[in-house]
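Residue numbers (UniProt numbering), protein chains in the order written: chain A, 1 to 325; chain B, 1 to 325; chain C, 1 to 325; chain D, 1 to 325.
Every residue, glycine too, gets a C-beta built ideally from N, C-alpha and C.
Below you'll find the structure, written out as structure tokens, and then a few comments.
4 protein chains.
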Amino acid sequence: MIQVGIIGGAGYTAGELIRLLISHPKAELNFVFSTSNAGNKISKVHQDMVGSLDLEFTDTVNPNVDVLFLCLGHGNSVKFLEANTFSDNTKIIDLGNDFRLEKDKVFNGKTFVYALPELQRDVIKSANYIANPGCFATAIQLGLLPLAEQGLLNNDVHINAVTGATGAGTSLSATTHYTWRDNNFSYYKPFTHQHLGEINQSVSQLQDDFDSEIIFMPNRGNFSRGIFATLYTDFEGTVEEAKDIYKAFYKDAEFTFVSDENLHLKQVVNTNKCLIHLHKHNGKILITSIIDNLLKGASGQAIQNMNLMFGLEETTGLQLKATYF
Amino acid sequence: MIQVGIIGGAGYTAGELIRLLISHPKAELNFVFSTSNAGNKISKVHQDMVGSLDLEFTDTVNPNVDVLFLCLGHGNSVKFLEANTFSDNTKIIDLGNDFRLEKDKVFNGKTFVYALPELQRDVIKSANYIANPGCFATAIQLGLLPLAEQGLLNNDVHINAVTGATGAGTSLSATTHYTWRDNNFSYYKPFTHQHLGEINQSVSQLQDDFDSEIIFMPNRGNFSRGIFATLYTDFEGTVEEAKDIYKAFYKDAEFTFVSDENLHLKQVVNTNKCLIHLHKHNGKILITSIIDNLLKGASGQAIQNMNLMFGLEETTGLQLKATYF
Amino acid sequence: MIQVGIIGGAGYTAGELIRLLISHPKAELNFVFSTSNAGNKISKVHQDMVGSLDLEFTDTVNPNVDVLFLCLGHGNSVKFLEANTFSDNTKIIDLGNDFRLEKDKVFNGKTFVYALPELQRDVIKSANYIANPGCFATAIQLGLLPLAEQGLLNNDVHINAVTGATGAGTSLSATTHYTWRDNNFSYYKPFTHQHLGEINQSVSQLQDDFDSEIIFMPNRGNFSRGIFATLYTDFEGTVEEAKDIYKAFYKDAEFTFVSDENLHLKQVVNTNKCLIHLHKHNGKILITSIIDNLLKGASGQAIQNMNLMFGLEETTGLQLKATYF
Amino acid sequence: MIQVGIIGGAGYTAGELIRLLISHPKAELNFVFSTSNAGNKISKVHQDMVGSLDLEFTDTVNPNVDVLFLCLGHGNSVKFLEANTFSDNTKIIDLGNDFRLEKDKVFNGKTFVYALPELQRDVIKSANYIANPGCFATAIQLGLLPLAEQGLLNNDVHINAVTGATGAGTSLSATTHYTWRDNNFSYYKPFTHQHLGEINQSVSQLQDDFDSEIIFMPNRGNFSRGIFATLYTDFEGTVEEAKDIYKAFYKDAEFTFVSDENLHLKQVVNTNKCLIHLHKHNGKILITSIIDNLLKGASGQAIQNMNLMFGLEETTGLQLKATYF
């Protein structure tokens, strides 16, 4: 069994990793590190674990685990790896944004691979250090990359996306108070969201002459899980030609599918799927891309990457029952 | 007291009119017409009326009321007025879309005025027949008209807006079932929403050389009331210049205000307000416009128009307590 | 105009008082005291006030206001009144629980009257110092008092009630985080809620031989506003007899009504109403009582009491439009 | 592989069975019967199946499947079995209430076993025809049976329970319209819910002198999934003694666990678990019991029963990832 360590064990993404790993047939939790919760049962924090897991949080790492997941606030992965040493055989998957950009990918002699499986599955298979993509970045890239690969992103791309409250993390804040968020709607970081960096990087990797603008409006929805993203840009072909491009791009994808029907968010909640829909109106292609921000947008994709790195079936432990309602 | 008749009394907008009129100091309900509910107490349908109103629905109209509100499905106002005759002194306010466009405004010798008070208050004051604006159309026009008046809409306008489930009417449907809509998100009628007609008409009325495209993505949110609209387009000035333009345009508005702070939907829910926020990034102005779809987007604005038509203070009966939570 | 001061201006109940007072025809805000927000616009905290109120929070009290509302955490009203002196002509309405019980009602020579209008309207009219009832206590008493007055509470009373997230106050906590509360349900303080004291006190005031137990299960619902309470106990009469008792008891009540139909919470949200429904099964009477916890359960009832104390119509400024959706 | 047929394939419980069966390692869908949807892809109705299942609904049954799940409205299982014949080797699991009571259990020579595994696992293992328990009945029995087995239910039991909107089925109705149910609360069938029959039957099976009353208030919550039930009755022992009784009763249970901490509904949503919490106050024991109404309360328990009937590990295909947020 693959021995797994989790750092930053009290947050949302760590909780999801734990939920996935307790029934993963090839991996097992070796330790879950959380200084603030050390000594407490994991089920005191991730309370659905009652009856499922007896393990306690620890403040001691095992430096010889096979794989380490970093679930820390942005900027803290670097600090943690500077302060703690692991075996050369320990693979590392960082769920933060410390190593996602080309300029940040080398750290202490380790090279982190940007790990969107649909973009570069084979590179991931042989990687030891992984920068797991951001949640908005995953939904948006999966909506754009098929066009980029064909060199068809030649005009500005307009993106509107809504994320659930888990996207803001576990810390208490005015905009995650129930009375504020219930039946509410708002935006944040208009045009300047930090995920634009990795999105532009991947688009340019596939279409090196890309020089249009990606205009991105992120919104806060009054739900807990999921990202619903709509993207449009100029496109000369028919919607059938677009579907052919997307279906070809995703022919080997285990979790990303093109739907012929309109989408709604709950089709993917609590799954590792991304669903894509295409619609054409006048000269514009409208692309809808939906994911669960904590799964395909974070912990599910991290397990997917672990599976690839360890030579397992990509879907191992990720055949999840959708909540749907 | 102004004697009021309501046609189509079982729907959302009729319910809101009733809620507003029971405490309006200058108007009173004369009859509420609903063939399917005739003889039933109004409080059997609009159940918050228990203790507030003893009136029953009727299937007989009083042709001599001072003002008639038509709360019918789109296309049915024409049919109703063909089948029923009212006094020449009866003013008519249609909440449907039968008379909103220039090509539709004359019916049986009556000329309907498009009644967005911020656009043409004085015209409304002397009108006898009113086409009350649509909900999305109200939010979007209030976001665009100040720029149009200055002739500054010279590029495509990109609009994303989310509406609550009351926007879809009272009829039962898959996408208004609780288990579907709860914690869900989706879009409908991309780029082709029927309100684009009245929006383009008003913009062109203020800026006659307008020939850009208004690109509108309407979405279904998982809340019951309200519209949150974001609009962006190219704008050369500073955000301060934009604020000056908007504040000048709305200096006499009783319900539309420019906010210096970011907005969230619940600031306006259960009020007749529209709040506007302006933000500049690179060459783009981002305009946020929020309303309650059933009040400023329908019944509240209808009462506002009634007040104007009868020479009352515009705010009479419309100083509503926000729900806020 | 009645000059009003509010202490503890940043909380939910203060916000509701402000929302009510800005359109109250006989009262006006003189000051809103909040040490943590002094100098900030009120609309920075109560953000629906944009366009409605320009006033700032202050950390200085005006000791000569006509009426003072205390919106402080439980126990802090005593502390505040020890540290601050007001005119002998200043009436005081405390929304906390410092003065609700007989043993606590005299403070510094002032006698606080427990002010549930349906229980003792005339006493309130001549009072200068008011202890405003708790939210659960209001809903439950209005469900029980008609039977108590008839001496008919002769067996245990079983109560289950659900309150919205505003019931827990504005402070951030695990159980008011959106991701926790959304689509969730839980209980708290089973059988020991602090409102039992005032409930038992009022029941015994009307039925002095009352010696049964009131068994109360309070729950947290996933909504923001409102209390839905069901109460049952043994009752020998028919449901018609019960209705007669309740209708007689509430014949002069301006806000409490008996409904012949089953109730649902949103019938009263954003109103000052209490609706009561009665149902009989075998030997038990089932009483449903619903209120808006922030209005009839707090700030609305406080204004109702102010109206009574100043000789105004009880409903002044309280004819509120229900949100309903 | 166990060949599975599903009758009534468009409803909630059929959808959940499909979600569970597509990743069950020992069973596979042979056909999904739905006359109204025959010929349509299953993913047109259960839209999360896009990318997961290509099968179509059929209006033809395969009479030789190994197991048949009946997901029909109450009363329709009898009608269906009268009109359709299956192999003598076909096991049948009825999710309706046609065969749950002793008086109904024999049909056409087949004897249906009431299949709550925690009550009579061994009987289920050798059964061919199963009456799957109701959702409320499951939550409530799991809360009461340990006391019944000890003969300790000697006083009235007071139960309050809240269910999600999926409890009402897929049909469109006023009380499942989003605008009605959002942020609302109500009760239905007070004291007379149809599940009382099977609850009393099981309690009497374990405690044959049981002659107290079970008083049950069912409520509609504004969430989609789950049942939160609180039950209290007189109990003379300590809470530790109660815990010992419950832990002993559930020592072999694979899905039912006693929690030392207070419970909240989302701990079990999208799992097959039941969590139980015990609290003592004065002479009363308060029992909380929570389940997902569609899983442990319906389709999950049906698969659990299938596993037992076919000699599989009870947990096969039921190690589900909780949604939790």
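May I ask you to report which of helix, strand or coil DSSP gives residue i?
i                         : result
glycine 197 of chain C    : helix
alanine 242 of chain D    : helix
serine 23 of chain A      : coil
methionine 309 of chain B : helix
aspartate 122 of chain D  : helix
tyrosine 114 of chain D   : strand
aspartate 98 of chain B   : coil
arginine 220 of chain B   : strand
aspartate 234 of chain C  : strand
asparagine 37 of chain C  : helix
residue 412 of chain B    : Lying outside 1 to 325, the shown extent of chain B, residue 412 of chain B is not represented and no answer is given.
valine 4 of chain A       : strand
What residue from the options has the CA that sits closest to residue i's CA?
i                            : options                               : result
serine 299 of chain C        : C:Leu95, C:Met309, C:Pro25, C:Leu116  : C:Leu95
threonine 323 of chain A     : A:Leu295, A:Gly75, A:Phe33            : A:Leu295
isoleucine 2 of chain C      : C:Ser23, C:His264, C:Arg225, C:Gln319 : C:Ser23
aspartate 59 of chain A      : A:Lys79, A:Val67, A:Phe31, A:Ala83    : A:Phe31
glutamine 47 of chain D      : D:Asn262, D:Asp292, D:Gly226, D:Glu16 : D:Glu16
asparagine 154 of chain A    : A:Asp234, A:Glu28, A:Ser259, A:Asn132 : A:Asp234
alanine 83 of chain A        : A:Asn89, A:Ile287, A:Asn108, A:Pro117 : A:Asn108
phenylalanine 136 of chain C : C:Ile6, C:Lys189, C:Thr238            : C:Lys189
phenylalanine 257 of chain D : A:Ile42, A:Gly5, A:Ser34, A:Leu53     : A:Leu53
asparagine 89 of chain A     : A:Phe185, A:Asn76, A:Pro63            : A:Pro63
asparagine 160 of chain B    : B:Ala174, B:Gly221, B:Asp211          : B:Gly221
Taking only beta-carbon atoms, is residue i less than 8 Å away from chain D?
i                        : result
threonine 138 of chain B : no
arginine 19 of chain A   : yes
threonine 230 of chain C : yes
lysine 273 of chain A    : yes
Mind listing the chain D neighbours of residue i? Cutoff is C-beta to C-beta under 7 Å, in chain order.
i                            : result
phenylalanine 325 of chain C : Thr179
tyrosine 12 of chain C       : What tyrosine 12 of chain C touches in chain D: nothing, since even the nearest Cβ is about 16 Å away.
asparagine 270 of chain A    : Asn270, Lys321, Thr323
Using a Cβ cut-off of 7 Å, pull out every chain A residue sitting near residue i, in sequence order please.
i                      : result
proline 190 of chain B : His279, His281, Leu286
valine 50 of chain D   : Phe257, Ser259, Gln267, Leu275
Would you please verify whether the beta carbon of residue i is less than 8 Å from any beta carbon of chain A?
i                     : result
serine 299 of chain C : no
glycine 8 of chain B  : no
So is residue i in contact with chain C if we call contact Cβ pairs under 8 Å?
i                            : result
phenylalanine 257 of chain B : yes
methionine 217 of chain D    : yes
If the cut is a Cβ gap below 8 Å, which residues of chain C does residue i touch?
i                     : result
serine 224 of chain A : Tyr178, Thr179, Asp182, Asn183
So which residues on chain D does residue i lean against when the C-beta distance must stay under 9 Å?
i                    : result
valine 45 of chain A : Residues of chain D passing the Cβ test: none, with the nearest at roughly 11 Å.
In chain B, which residues lie with their C-beta within 7 Å of the C-beta of residue i?
i                         : result
glycine 311 of chain C    : Ordered by position in chain B, no residue passes the 7 Å Cβ test against glycine 311 of chain C, which lies about 21 Å from the chain.
asparagine 305 of chain C : Per Cβ cutoff of 7 Å: no residues; asparagine 305 of chain C is ~18 Å from chain B at best.
residue 326 of chain D    : What the structure shows of chain D is the stretch from 1 to 325, and residue 326 of chain D is not part of that stretch, so it cannot be assessed.
List the endpoints of the continuous alpha helix (DSSP H) containing residue i.
i                        : result
glutamine 141 of chain A : 135 to 149
Please report the residue range of the beta strand (DSSP E) in which residue i lies.
i                         : result
tyrosine 129 of chain B   : 129 to 131
serine 289 of chain C     : 284 to 291
asparagine 160 of chain C : 157 to 163
Using a Cβ cut-off of 8 Å (strictly closer), state whether residue i contacts chain B.
i                      : result
serine 171 of chain A  : no
glycine 15 of chain C  : yes
glycine 221 of chain A : yes
For residue i, which residues in chain A fall below 8 Å Cβ to Cβ?
i                     : result
serine 186 of chain B : Phe228, Asn262, Leu263, His264, Leu265
What residues of chain B sit near residue i, judged by a beta carbon separation below 9 Å?
i                    : result
serine 23 of chain C : Gln319, Leu320, Lys321
Listed from N- to C-terminal order along the chain, which residues in the stretch 152 to 166 of chain D have their beta-carbon within a distance smaller than 7 Å of any beta-carbon of chain E?
-> The chain inventory of the structure shown lacks chain E, comprising the protein chains A, B, C and D.
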